[in-house]
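Below is one structure, written out as structure tokens; comments come after it.
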Amino acid sequence: MVITPLAGLLAKYDQPGPRYTSYPTAPAWSHEFGDADHRASLRRAAGSPGQGMAMYVHLPFCRSMCFYCGCSVIVTQDLRKSDRYVDDVLREATLARAVLDAPRPVVQHHWGGGTPTFLAPEQLERLFLGLSLLFPVAEGAEISIEVDPRVTTRAHLEALRRCGFNRISMGVQDFDAEVQHAIHREQSFAQTRDLVDAARSLGFGSINLDLVYGLPHQIPESFRNSIDLVLAMQPDRLACYGYAHVPWLKKHQRVIDEAWLPKSAAKLELYLTALDAFREAGYVAIGMDHFALPGDGLAKAADGGSLHRNFMGYTTQAAADMLSFGITSISETSGAFAQNTKTLHDYRARLDANELPVERGLRRNADDEARRRIILDLMCRFRLVYAEHGGAEAFRQRYAAAIDALSPMREDGLIAIEDDGIAVTPTGRLFVRNIAMPFDAYLEGQRSSRSQVFSRTV
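If you read the sequence shown in my numbering, its first letter stands for residue 645, the second for the next number, and so on.
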């Protein structure tokens, strides 16, 4: 694989930057945004009773710590903690439901973690039933969950199917033994294959497998072996995420020796290895890190222009609001973000006070909304059309500084600035985070702290 033409681009553009699962991004949010603000956004959301909404539940428990992990987790072996947590989440959901005059149909429902299947099967069912009584799930909804093949049993899968879960996502990361040992996550191909087979036999309609590139000791040859094993399981969707090494934010990552990590050019070669393999196997590239078979709903959404991006990643439809429960979870309702507290102690203290456990948030203004739509177009469609953003003349005037900042990217072949809009080139897709950054009005003010807040863009 020849990556020499990309080496100069990599040196120029690989820098800390947002992933844009939201805009404005979390560093711009305020700790002054709290319970009253979140309640106000929920009351505004109640004005659209027939409109579908999304729901996310964060289940933070894990039996052990994976050293590469960037998620909010609680390591324990005690199922009593998760049983009490189910009660806590249902308390939070009850508080939120009381603010809404009428339930809105949930069209997307996702559980992440942590390890959601740390919970016992009966705990999963109790939580889903409790939430469904408060917020009815729409017919045909996409109901998805992240599972760990090392701890997930057939009984878990059967309970999930009884609840109505129809999509499942499994973390693989890498099957290489040396890599697995370095990241403290040892998981066999047989474990993963058996769970995939069980999920298919029980009727899960879509199966996603996650890989991570840029992990310690990864090399293209061994990573390609892992990719081939993943492809042999014929998942409907694939995700291939770049490892974000942020030991100043995630202290457990300090055990990973930075000398073990592939440098920028080697990391890019790992990604290109995956990209080539996925394309050869017939998968369609979705956004910057997802892939799907042509008949999958995600590929159809990308082709039809309805692809959306939020805290759940790329999704098939843009639900107007997303209500989230559990520690650190982020709601997005009526143009406002609200993130919950990070610790169980604070979370329960707020609930005991009959408060929504919000730690920080932000209500978007008109400029935020306009820039958010631009960034979503770039991240999801790889192009923006001036006519959809007020017209060419108005766009060029309003975003003159951003267009100037894009000039080097145009010269480097990352974008094409056309009469009717801006298009991201195939090479530019590797740098789409960089392409979105000039439209971020908050980024300049975050310059001094950017390297301590964001992962690298490539």
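Here a beta-carbon is modelled for each residue, glycine too, at the ideal position from N, C-alpha and C.
Each residue's CA atom was taken as its position, placing methionine 877 and arginine 868 some 15 angstroms apart. If you look at glutamate 913, you'll find it in the alpha helix (DSSP H) that goes 908-924.
Counting of Cβ neighbours within 10 angstroms places asparagine 998 among the exposed residues, the total staying below 16.
Contact between valine 890 and aspartate 854 does not hold, since their C-beta atoms are separated by about 18 angstroms, which reaches or exceeds 8 angstroms. Distances from the CA of isoleucine 971 to each of Met709, Ser726, Thr960 were compared; the closest alpha carbon is that of Ser726.
Straight across, the Cα-Cα distance linking phenylalanine 981 with leucine 875 is about 37 angstroms. Residue state for glycine 1034 is assigned as coil, using DSSP reduced to three classes. In terms of Cβ geometry, arginine 806 and serine 850 do not form a close pair [threshold 7 angstroms].
In the same chain as leucine 801, and ignoring 5 residues on each side of it, the C-beta atoms closer than 7 angstroms to its own belong to Ala842, Ala843, Leu846, in chain order. When only Cα atoms are considered, leucine 739 and leucine 1000 end up about 7 angstroms apart.
Three or more beta-carbon pairs separated by less than 8 angstroms are not found between the segment 920-927 and the segment 655-670, which leaves the two stretches without contact. Alanine 689 is a Cβ neighbour of aspartate 965, given a cutoff of 7 angstroms.
Taking C-beta atoms under 8 angstroms as the contact rule, glycine 696 and arginine 748 qualify, at a distance of about 7 angstroms.
Cα atoms of isoleucine 871 and aspartate 820: separation of roughly 10 angstroms, rounded to the nearest angstrom.
Our two residues, alanine 782 and threonine 1101, have alpha carbons roughly 37 angstroms apart in a direct line. Tyrosine 857 is a Cβ neighbour of tyrosine 915, given a cutoff of 7 angstroms. Of the residues assessed, lysine 895 falls on the exposed side of the cut-off, its CB having fewer than 16 other CB atoms within 10 angstroms. In the three-state reduction of the DSSP assignment, arginine 1100 falls in the strand class. For alanine 929, the enclosing beta strand (DSSP E) starts and ends at 928-930. It is roughly 13 angstroms from the alpha-carbon of glycine 1034 to the alpha-carbon of aspartate 1011. In this structure arginine 728 is exposed. Its beta-carbon is surrounded by fewer than 16 other beta-carbon atoms within 10 angstroms. The beta carbons of tyrosine 700 and serine 968 sit about 4 angstroms from each other, so the pair counts as a contact at 8 angstroms. Arginine 953 sits away from methionine 1053, with the two beta carbons spaced by 7 angstroms or more. Taken in chain order, the complete beta strand (DSSP E) segments of 3 residues or longer contained in the segment 720-786 are 750-757. In the DSSP assignment, isoleucine 863 falls outside any beta strand (DSSP E), carrying neither H nor E.
Here threonine 796 is actually not in contact with threonine 836; their C-beta atoms are around 10 angstroms apart, not less than 8 angstroms. For valine 1002, the enclosing beta strand (DSSP E) starts and ends at 1002-1007. Around leucine 1050, the same chain offers Ile1059, Ile1061, Ile1066, Ile1079, Pro1082 as residues with beta carbons nearer than 8 angstroms, after the five sequence neighbours per side are excluded. A residue is called buried once 16 or more other Cβ atoms fall within 10 Å of its Cβ, and aspartate 722, having fewer, is exposed. Apart from sequence neighbours up to five positions away, the residues of its chain that approach histidine 934 with a beta-carbon distance below 6 angstroms are Ala883, Tyr958, ordered along the chain. For valine 1002, the closest of Arg1008, Asp901, Pro765, Tyr991 by C-alpha to C-alpha distance is Tyr991.
Using a Cβ-Cβ distance cut-off of 8 angstroms, the segment 753-769 and the segment 777-792 are in contact, since at least three pairs of beta carbons, one from each stretch, lie closer than that value. In this structure glutamine 897 is not in contact with tyrosine 1043, their Cβ atoms being roughly 37 angstroms apart against a cut-off of 8 angstroms. Beyond the five residues adjoining it in sequence on each side, phenylalanine 1098 comes within less than 6 angstroms, by CB distance, of Pro660, Gly661, Pro662 in the same chain, given in chain order. Unbroken alpha helix (DSSP H) stretches of 4 residues or longer found wholly inside the segment 806-889: 821-827, 833-845, 864-876, given in chain order. With a minimum length of 4 residues, the unbroken runs of alpha helix (DSSP H) contained wholly in the segment 1014-1060 fall at 1036-1042, 1044-1055.
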